[in-house]
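So the structure is just underneath, and the comments pick up after that.
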């Protein structure tokens, strides 16, 4: 487990994990002396980082509905537990025009925990359910039908 207690070490860690730490707002729900509890892309950067290929109306709606992500999801990633975790089929869908998780970050995620198969959506931003919903649906359908039942 990674304990990040001050803002400089938090920014350093997030920069390593997510890219530019200045692109994010950190929420300190337990107080400023504790690690952040939430993280969000700053409003002025959302179009550029999250929805750069998405239709304007989807960007507008998504921006109104967007809520912070739990910061621990980015800080305490472990694969501990039962050996059965590796028996679950995993796929990774690359989003090729993703300005939030650049290709090198996606590659790092793939190498850290290799999936069974890697797909790519070439015209997708970070949110393929907005930018390329039909392509995403087709890929999810392909994945679902290719997984063998035990």
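In the numbering used here, the protein residues as written are 12 to 161.
All C-beta atoms in this analysis are idealised placements derived from N, C-alpha and C, irrespective of residue type, glycine included.
- Annotation for residue 122: the continuous alpha helix (DSSP H) segment containing it runs 114-123.
- When the five nearest sequence neighbours on each side are left out, the beta carbons in the same chain lying within less than 7 Å of the beta carbon of residue 59 are those of 110, in order along the chain.
- Rounded to whole angstroms, the separation of the alpha carbons of residue 78 and residue 138 is 14 Å.
- The region 71-85 and the region 94-104 do not touch, with fewer than 3 CB-CB distances between them shorter than 8 Å.
- For residue 154, the CB contacts under 7 Å within the same chain, skipping 5 residues up- and downstream, are 102 in chain order.
- With respect to residue 64, residue 145 sits apart: the two C-beta atoms are not nearer than 9 Å.
- The three-state reading of DSSP puts residue 75 in helix, counting H, G and I together.
- A Cβ-Cβ distance of about 6 Å is found for the pair residue 38 and residue 47, placing them in contact under the 8 Å criterion.
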